[in-house]
Amino acid sequence: MQALTPEQITALAPDEGSVKAAKNLVSTSKWTLLAHNDRALWGLCQGSGKNPYQTAIDMSEPAFKCSCPSRKFPCKHALALLFMHAQHGAQFQNDTPPDWLAEWLDKRAQNAVKKAAKAETVPDPVAQQKRQNARLQKATDGLADLRLWLDDMLRNGLISWKNEAQERCRELAKRMIDAQMPALSGAVAQLADTPSERQDVLLHRLTKLSLLEQSFQNINQLPQNWQAEILARLGFPIAKETVLANTPVMDIWQHIGTTHHTLERGESHTHWLCGLGTGQFAYLLDFTIQGAPATVPSVLQGGTYAGELCFYDGVQQKRALSKTWELLDTAPPISGSLNIAQAWEMAHSAFADNPFLTVQPMALAQVNLWRDGEAWALSDGASMLPLELSETQLRRVLAHTAGADFMAFVLRDFEFGETRLLAVQNGAGSLNIVVG
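Here the sequence shown is numbered in UniProt numbering, starting from 1 and rising by one per residue.
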């Protein structure tokens, strides 16, 4: 069983304090037992009480169990056990799980079987259609409000934006929540956060809202994939069972970076993946909600997984759910052959197919950094691609590639007209996550 890296372990922690507390327990003197099998790690950590804490980790997800009273998840003992495995792996004896651990693992296996069976269940089509019709009527009423607001904006012009439109769009966003269109509400609220100097971005976002409203008016005349796309952009819920009923794509999936977005009551985490066999891009979406218990992310930073992904319906859709998902010990290098011009053409072809796209991932082979005045760009010798790169990211890239050519994974942002770096793979096939 391959140990997680310190960076991957730190990414699992609920806060910095837990990492610091865990590192204080990284000593063989703190543990009276350290053991593992092909699925789990477990140990006994001596605390202040009479009996040591029973700590275990199901490495297939990972999932955590500890007898300590901590409300943090994972607790410092679970994090310390991971750090111990990373730094003192030879101290872990290969053993049979004790009863307290075997019971927990068996229960998790039973729950996984029930979850898989539920995923195969087809929802009642009559009840589903009834709920859908009621929601469509609410959406129709809400989008009528949006059209009036957009027409008012057109009459007054963007010059009025600073004076009153920002407050009005926040009010409109609340009305879209009442109309049960959370995704549209987020898009409207995002207008208020548009930088004042980026009128082009504001116009782009307003145009997408107008196109979305018009598309909904004609939704019954659209193909099935476009109907799914429009409803997803509005925020219509899609049952996991429905997504998991789609044809899965089996591959080795390499995590290439995570982007984070602030929500009204939390944060969303977009875990970008690249299929080593198919070359297909995908992302899994996690959420952290203020006040809710912490959850383990779907993807470990830099992790490689063997699994089946089922994609949401839509146009150029990359959001997926994992049907099977197993963390691998080793990560083969990612191969790629697209130069900048080819990748650029593919990205903008995807945007032409679906103008609602905000970002598009690209994989660029054999590129290097190029100083472009005060900015940086990627160059393959024939073309250059301007790059948004912080000083910290620059140092990471240079340290990992030593100035030699590398493979780059980037996100093209169609709203801001920017390209951001996700990860780089050096000539030795080693991947380094630059963002997230």
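Beta carbons: idealized from backbone N, C-alpha and C, even for Gly.
So, helix, strand or coil for residue i, using DSSP?
| i | result |
| --- | --- |
| residue 278 | coil |
| residue 310 | strand |
| residue 427 | coil |
| residue 225 | helix |
| residue 330 | coil |
| residue 266 | strand |
| residue 251 | strand |
| residue 116 | helix |
| residue 28 | helix |
| residue 320 | strand |
| residue 51 | coil |
| residue 99 | helix |
| residue 287 | strand |
Would you kindly report the start and end of the unbroken alpha helix (DSSP H) that includes residue i?
| i | result |
| --- | --- |
| residue 137 | 125 to 156 |
| residue 200 | 199 to 217 |
| residue 178 | 166 to 178 |
| residue 190 | 182 to 191 |
| residue 88 | Unbroken run through residue 88: none, as it is neither H nor E. |
| residue 22 | 16 to 23 |
| residue 244 | 240 to 244 |
Using a 10 Å radius around the Cβ and a threshold of 16 neighbouring Cβ atoms, would you call residue i buried or exposed?
| i | result |
| --- | --- |
| residue 22 | buried |
| residue 3 | buried |
| residue 126 | exposed |
| residue 412 | buried |
| residue 154 | exposed |
| residue 322 | buried |
| residue 44 | buried |
| residue 71 | exposed |
| residue 287 | exposed |
| residue 360 | buried |
| residue 260 | exposed |
| residue 78 | buried |
| residue 329 | exposed |
| residue 143 | buried |
| residue 170 | exposed |
| residue 194 | buried |
| residue 334 | buried |
| residue 100 | exposed |
| residue 240 | exposed |
| residue 373 | exposed |
| residue 408 | buried |
| residue 423 | buried |
| residue 187 | buried |
Going by beta-carbon coordinates alone, are residue i and residue j separated by less than 8 Å?
| i | j | result |
| --- | --- | --- |
| residue 435 | residue 62 | no |
| residue 315 | residue 255 | no |
| residue 410 | residue 346 | no |
| residue 355 | residue 184 | no |
| residue 179 | residue 138 | yes |
| residue 37 | residue 106 | no |
| residue 19 | residue 32 | no |
| residue 341 | residue 383 | yes |
| residue 14 | residue 73 | yes |
| residue 339 | residue 377 | no |
| residue 158 | residue 199 | yes |
| residue 431 | residue 320 | no |
| residue 213 | residue 265 | no |
| residue 249 | residue 279 | no |
| residue 209 | residue 150 | yes |
| residue 41 | residue 83 | no |
| residue 58 | residue 108 | yes |
| residue 80 | residue 34 | no |
| residue 414 | residue 357 | yes |
| residue 243 | residue 310 | yes |
| residue 304 | residue 252 | yes |
| residue 175 | residue 145 | yes |
| residue 262 | residue 269 | no |
| residue 405 | residue 429 | no |
Considering just the uninterrupted stretch of the beta strand (DSSP E) at residue i, what are its terminal residues?
| i | result |
| --- | --- |
| residue 407 | 406 to 413 |
| residue 40 | 40 to 45 |
| residue 59 | From DSSP, residue 59 is part of no beta strand (DSSP E); its letter is neither H nor E. |
| residue 346 | No beta strand (DSSP E) holds residue 346; the alpha helix (DSSP H) holding it covers 340 to 353. |
| residue 379 | 375 to 379 |
| residue 301 | First-last for residue 301: undefined, no H or E at that position. |
| residue 396 | Residue 396 -> not in any beta strand (DSSP E); alpha helix (DSSP H) instead, spanning 391 to 401. |
| residue 11 | Unbroken run through residue 11 is the alpha helix (DSSP H), 6 to 12; no beta strand (DSSP E). |
| residue 32 | 31 to 36 |
| residue 367 | 359 to 372 |
| residue 485 | Lying before the first or after the last residue shown, residue 485 is absent from the chain, which here runs from 1 to 436. |
| residue 386 | 384 to 387 |
* Cβ pair count under 8 Å reaching 3, the stretch 382 to 398 against the stretch 226 to 233 -> no
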